[in-house]
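Student: Have a look at this one before I ask anything.
Number of protein chains: 2
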Amino acid sequence: MQQEPARRSNRDRTEATRADLIAAARKLFTEKSYAETGTPEIVAAAGVTRGALYHHFADKQALFAAVVEQEAAAVAEEIERASPPSLFAPDALIAGSDAYLAAMRAPGRARLLLLDGPAVLGRAAMDDIDNRHGNRSLREGLIAAMRAQTMTRLPVEALTALLAAAFDRAALAIEAGAETGPYREVLVALIDGLSPTHPQAPGPARTR
Amino acid sequence: MQQEPARRSNRDRTEATRADLIAAARKLFTEKSYAETGTPEIVAAAGVTRGALYHHFADKQALFAAVVEQEAAAVAEEIERASPPSLFAPDALIAGSDAYLAAMRAPGRARLLLLDGPAVLGRAAMDDIDNRHGNRSLREGLIAAMRAQTMTRLPVEALTALLAAAFDRAALAIEAGAETGPYREVLVALIDGLSPTHPQAPGPARTR
DNA sequence: CAGATAACATACAGTCTGCATGTAAATTGT
DNA sequence: ACAATTTACATGCAGACTGTATGTTATCTG
Numbered sequence: 026m027q028q029e030p031a032r033r034s035n036r037d038r039t040e041a042t043r044a045d046l047i048a049a050a051r052k053l054f055t056e057k058s059y060a061e062t063g064t065p066e067i068v069a070a071a072g073v074t075r076g077a078l079y080h081h082f083a084d085k086q087a088l089f090a091a092v093v094e095q096e097a098a099a100v101a102e103e104i105e106r107a108s109p110p111s112l113f114a115p116d117a118l119i120a121g122s123d124a125y126l127a128a129m130r131a132p133g134r135a136r137l138l139l140l141d142g143p144a145v146l147g148r149a150a151m152d153d154i155d156n157r158h159g160n161r162s163l164r165e166g167l168i169a170a171m172r173a174q175t176m177t178r179l180p181v182e183a184l185t186a187l188l189a190a191a192f193d194r195a196a197l198a199i200e201a202g203a204e205t206g207p208y209r210e211v212l213v214a215l216i217d218g219l220s221p222t223h224p225q226a227p228g229p230a231r232t233r
Numbered sequence: 026m027q028q029e030p031a032r033r034s035n036r037d038r039t040e041a042t043r044a045d046l047i048a049a050a051r052k053l054f055t056e057k058s059y060a061e062t063g064t065p066e067i068v069a070a071a072g073v074t075r076g077a078l079y080h081h082f083a084d085k086q087a088l089f090a091a092v093v094e095q096e097a098a099a100v101a102e103e104i105e106r107a108s109p110p111s112l113f114a115p116d117a118l119i120a121g122s123d124a125y126l127a128a129m130r131a132p133g134r135a136r137l138l139l140l141d142g143p144a145v146l147g148r149a150a151m152d153d154i155d156n157r158h159g160n161r162s163l164r165e166g167l168i169a170a171m172r173a174q175t176m177t178r179l180p181v182e183a184l185t186a187l188l189a190a191a192f193d194r195a196a197l198a199i200e201a202g203a204e205t206g207p208y209r210e211v212l213v214a215l216i217d218g219l220s221p222t223h224p225q226a227p228g229p230a231r232t233r
């Protein structure tokens with residue numbers, strides 16, 4: 026009947042506790058919001074004490090950052106799964122955006138990644154996270170399309186950021202109850218509009 | 026030598042106190058952030074007590090909402106001032122977006138309106154505010170362009186929201202130190218791309 | 001197996017928010 | 001013009017939360 030204390034290595038303990046904390050925080054941060062979720066509630070859900078939290082994370086923000094990181098990775102993975110490596114460029118972009126909108130329908134995920142994330146961690150930190158995960162495939166898709174002359178040549182960083190922003194807003198609108206159709210239509214139109222079909226403003230880049 | 030207590034009407038007192046609170050809050054919310062600004066600090070800067078704050082505003086959020094409302098109105102006014110009522114449609118859009126980017130360079134304004142605002146008040150409330158102020162001229166410009174056949178016919182709400190999102194992200198990037206040029210170029214390209222020059226997918230609207 | 005270190009738990013200080021209560025000024029009714 | 005009422009505040013209080021300091025137990029190292 027001896028309930029062995031299950032001699033676990035320190036690495037295992039840390040890993041398990043961190044995972045528990047992140048999972049509990051993720052659940053609460055997606056159900057409510059960052060501001061409305063207190064650390065007492067998180068540690069209760071994770072089955073530890075606040076001491077453990079502040080041992081593994083510098084502060085509440087750091088735990089939040091870990092959750093955001095994980096969710097961003099999850100979104101990126103869902104996209105890459107749905108959008109096989111190399112469809113032909115324009116189709117890949119459309120497929121990717123559909124996959125993104127689908128991935129963003131996970132309850133609370135849009136608020137976490139698109140509202141609380143930027144506000145709590147700052148846009149710069151979010152850009153960093155996005156560039157390591159989600160935006161990567163978008164930017165590569167855009168570069169591929171530009172190489173294939175399927176798309177007007179434009180500053181890549183700015184184009185990636187602004188298209189991603191449009192995707193994000195669409196995801197928020199859809200989670201808020203809007204129909205997918207119109208937003209998808211506009212997104213497609215914006216992407217299609219970047220085809221170099223018409224000789225719009227062929228001159229050198231304007232200053233200012 | 027009688028320092029008259031300056032018999033002021035209640036309406037004047039309320040108006041003055043509310044204005045003081047909003048001004049002090051605006052200053053602090055733009056210098057720091059919503060979360061980092063406490064009500065004790067706000068009322069100290071405004072020269073009143075927390076009692077006055079909670080008499081005039083339901084809570085900290087309500088004060089914040091008043092600040093956001095005022096800033097959104099200021100932005101809208103700067104845009105309408107810079108973009109004379111009716112240039113011809115496409116030019117008006119470009120002029121308007123330039124004015125928007127310029128207005129958004131007021132220190133801290135981008136974070137207030139584009140990061141803290143949505144996170145604290147929610148996207149729905151921010152959409153409401155935007156539709157009453159800034160987005161109005163954008164939407165009207167888009168409708169005008171579509172009427173003049175200068176622009177592909179698209180769902181107006183979605184198009185307005187997604188273009189506004191792109192503008193917002195550009196404003197944030199610029200405030201974060203990015204150069205204006207590339208972002209402006211991409212914005213122009215996105216707008217130009219909506220010209221109905223090429224017969225892209227003339228069929229009936231896709232479902233889903 | 002002893003000392004050091006890591007993984008927690010517990011206790012505490014400081015701060016904040018929202019409300020309840022108290023007071024002075026203004027408004028209203030007569 | 002004066003009493004009653006309402007409005008505009010100020011003060012004080014309760015609860016909650018965050019971050020840290022300190023204490024304890026488990027693991028690792030030599």
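Residue numbers (our numbering), protein chains in the order written: chain A, 26 to 233; chain B, 26 to 233.
By construction, the Cβ of each residue, glycine as well, lies at the ideal position given by its N, Cα and C atoms.
Relative to the C-alpha of Ala99 of chain B, which candidate in B:Thr39, B:Ile154 and B:Ala186 has its C-alpha closest?
Tutor: In the second sequence, counting from the first residue as 1, residue 99 of chain B sits at position 74. Nearest of B:Thr39, B:Ile154 and B:Ala186 to Ala99 of chain B, Cα basis: B:Ile154.
Student: What number of angstroms, rounded off, separates the C-alpha of Ser162 of chain B from the C-alpha of Glu105 of chain B?
Tutor: Here residue 162 of chain B is taken as the residue at index 137 of the second sequence, counted from 1. Here residue 105 of chain B is taken as the residue at index 80 of the second sequence, counted from 1. Going from the Cα of Ser162 of chain B to the Cα of Glu105 of chain B covers about 8 Å.
Student: Which value, in whole angstroms, describes the spacing of the CA atoms of Phe89 of chain A and Ala149 of chain B?
Tutor: To locate residue 89 of chain A, count along the first sequence from 1; it is residue 64. To locate residue 149 of chain B, count along the second sequence from 1; it is residue 124. C-alpha separation (whole angstroms): 23 Å.
Student: Out of B:Thr185, B:Glu182, B:Leu184 and B:Ala191, point me to the one whose CA is closest to Ala186 of chain A's CA.
Tutor: Along the first sequence, read from residue 1 onward, the residue named residue 186 of chain A stands at position 161. Here the closest residue by C-alpha is B:Ala191.
Student: Residues of chain B with CB closer than 9 Å to the CB of Thr62 of chain A, please, in chain order.
Tutor: Translated into the one-based positions of the first sequence, residue 62 of chain A becomes position 37. Residues of chain B passing the Cβ test: none, with the nearest at roughly 13 Å.
Student: Hey, Glu182 of chain B and Arg164 of chain B: beta-carbon distance below 9 Å or not?
Tutor: For the purposes of this step, residue 182 of chain B is taken as the residue at position 157 of the second sequence. For the purposes of this step, residue 164 of chain B is taken as the residue at position 139 of the second sequence. Yes, the pair counts as a contact, with Cβ atoms nearer than the cut-off.
Student: Against chain B, does Ser220 of chain A count as a neighbour if the rule is that its beta carbon must be under 9 Å from one of theirs?
Tutor: Against the first sequence, residue 220 of chain A aligns to sequence position 195. Yes, Ser220 of chain A counts as interfacial toward chain B.
Student: Taking only runs that begin and end inside the region 112 to 164 of chain A, name each unbroken alpha helix (DSSP H) of 4 or more residues, in chain order.
Tutor: 114 to 128, 142 to 146 and 148 to 157
Student: Out of curiosity, what's the CA-to-CA distance linking Glu96 of chain B and Leu138 of chain B?
Tutor: Taking the first residue of the second sequence as position 1, residue 96 of chain B is located at position 71. Taking the first residue of the second sequence as position 1, residue 138 of chain B is located at position 113. Cα to Cα, Glu96 of chain B sits roughly 8 Å from Leu138 of chain B.
Student: Which runs of the beta strand (DSSP E) fall wholly inside the region 33 to 77 of chain B and span at least 3 residues, in chain order?
Tutor: none
Student: Using a Cβ-Cβ cut-off of less than 9 Å, give me the residues of the region 88 to 114 of chain A that come near chain B, in sequence order.
Tutor: none
Student: Between the alpha carbons of Leu118 of chain A and Pro65 of chain A, how many angstroms are there, rounded?
Tutor: Position 93 of the first sequence, counted from the start, is the residue given in the question as residue 118 of chain A. Position 40 of the first sequence, counted from the start, is the residue given in the question as residue 65 of chain A. Rounded to whole angstroms, Leu118 of chain A to Pro65 of chain A spans 43 Å at the Cα level.
Student: Counting only the same chain and skipping the five closest in sequence on each side, list residues whose C-beta sits under 8 Å from that of Asp45 of chain B.
Tutor: Against the second sequence, residue 45 of chain B aligns to sequence position 20. Excluding positions up to five away in sequence, the list reads Ala71, Gly72 and Val73.
Student: State buried or exposed for Pro207 of chain B, treating a residue as buried only when at least 16 other CB atoms are found within 10 Å of its CB.
Tutor: Locating residue 207 of chain B in the second sequence gives position 182, where the first residue counts as 1. By the neighbour-count rule (16 or more Cβ atoms within 10 Å), Pro207 of chain B is buried.
Student: May I ask you to report which of helix, strand or coil DSSP gives Arg231 of chain B?
Tutor: Mapped onto the second sequence, residue 231 of chain B falls at position 206. A caution first: Arg231 of chain B carries a pLDDT of 40, below 50, which makes its placement in the model unreliable, though a value can still be read off. Coil, per DSSP.
Student: What three-state label does DSSP hand Leu167 of chain A in the structure shown?
Tutor: Translated into positions along the first sequence, residue 167 of chain A becomes position 142. Leu167 of chain A: helix per DSSP, three-state reduction.
Student: Just mark Pro143 of chain A as buried or exposed, buried being the case when its beta carbon has 16 or more other beta carbons within 10 Å.
Tutor: Counting from 1 along the first sequence, the entry for residue 143 of chain A is found at position 118. By the neighbour-count rule (16 or more Cβ atoms within 10 Å), Pro143 of chain A is buried.
Student: When you compare each of A:Thr39, A:Lys52, A:Thr62 and A:Leu188 to Ile216 of chain A by their alpha carbons, which one comes out closest?
Tutor: The residue labelled residue 216 of chain A in the question sits at position 191 within the first sequence. Each of A:Thr39, A:Lys52, A:Thr62 and A:Leu188 was checked against the Cα of Ile216 of chain A, and the nearest Cα belongs to A:Leu188.
Student: Which of the three DSSP states is assigned to Pro109 of chain B in this structure?
Tutor: One-based indexing of the second sequence puts residue 109 of chain B at position 84. Three-state result, Pro109 of chain B: coil.
Student: Just reading off the alpha helix (DSSP H) that Gly206 of chain B is part of, what are its end residues?
Tutor: The residue you call residue 206 of chain B lines up with position 181 of the second sequence. Counting along the chain, the alpha helix (DSSP H) containing Gly206 of chain B begins and ends at Thr205 to Asp217.
Student: Figure out for me which residue from B:Leu140, B:Gly202, B:Thr175 and B:Leu197 has the closest Cα to the Cα of Val93 of chain B.
Tutor: Taking the first residue of the second sequence as position 1, residue 93 of chain B is located at position 68. Residue B:Leu140 is the option with its Cα nearest to Val93 of chain B.
Student: Does DSSP classify Gln27 of chain B as helix, strand or coil?
Tutor: On the second sequence, residue 27 of chain B is found 2 positions in, with the first residue counted as 1. With a pLDDT of only 44 at Gln27 of chain B, under 50, the local geometry of the prediction cannot be trusted, and the value read off the model is given with reservation. Coil.
Student: For Arg148 of chain B, which residues in chain A fall below 9 Å Cβ to Cβ?
Tutor: Along the second sequence, read from residue 1 onward, the residue named residue 148 of chain B stands at position 123. Ordered by position in chain A, the residues that pass the 9 Å Cβ test against Arg148 of chain B are Ala135, Arg136, Leu139, Leu140, Arg194, Leu197, Ala198, Glu200 and Ala201.
Student: Evaluate Phe113 of chain B with the Cβ neighbour count: other Cβ atoms within 10 Å of its Cβ, from every protein chain shown; 16 or more gives buried, anything less gives exposed.
Tutor: Numbered from 1 along the second sequence, position 88 holds the residue referred to as residue 113 of chain B. Flag for Phe113 of chain B reads exposed.
Student: What are the start and end residues of the alpha helix (DSSP H) that includes Phe192 of chain A?
Tutor: Sequence index remark: in the first sequence, residue 192 of chain A carries index 167 (1-based). Where Phe192 of chain A is concerned, the enclosing alpha helix (DSSP H) stretches over Val181 to Glu200.
Student: Does the structure place the region 47 to 57 of chain B close enough to the region 125 to 138 of chain B that three or more beta carbon pairs sit under 8 Å?
Tutor: yes
Student: Exposed or buried, Gly76 of chain B, counting other C-beta atoms within 10 Å across all chains shown (16 or more means buried)?
Tutor: Position 51 of the second sequence, counted from the start, is the residue given in the question as residue 76 of chain B. With fewer than 16 other Cβ atoms within 10 Å, it is exposed.
Student: Apart from the five residues on each side of it in sequence, which residues of its chain come closer than 8 Å, Cβ to Cβ, to Tyr205 of chain B?
Tutor: Walking along the second sequence from the start, residue 205 of chain B turns up at place 180. Rather than Tyr, the amino acid found at residue 205 of chain B in this sequence is Thr. Excluding residues within five positions, the ones whose Cβ falls inside 8 Å are Leu126 and Ile199.
Student: Can you tell me whether Gln95 of chain A is helix, strand or coil according to DSSP?
Tutor: If you number the first sequence from 1, residue 95 of chain A lands on position 70. Of the three classes helix, strand and coil, the one that applies to Gln95 of chain A here is helix, per DSSP.
Student: What three-state label does DSSP hand Ala87 of chain A in the structure shown?
Tutor: As a first step, residue 87 of chain A is located in the first sequence; it is residue number 62 there, counting from the start. Helix.
Student: Please classify Asp84 of chain A as buried or exposed, where buried requires at least 16 other C-beta atoms within 10 Å of its C-beta.
Tutor: Taking the first sequence and counting its residues from 1, the one referred to as residue 84 of chain A is at position 59. With fewer than 16 Cβ atoms within 10 Å of its Cβ, Asp84 of chain A is classed as exposed.
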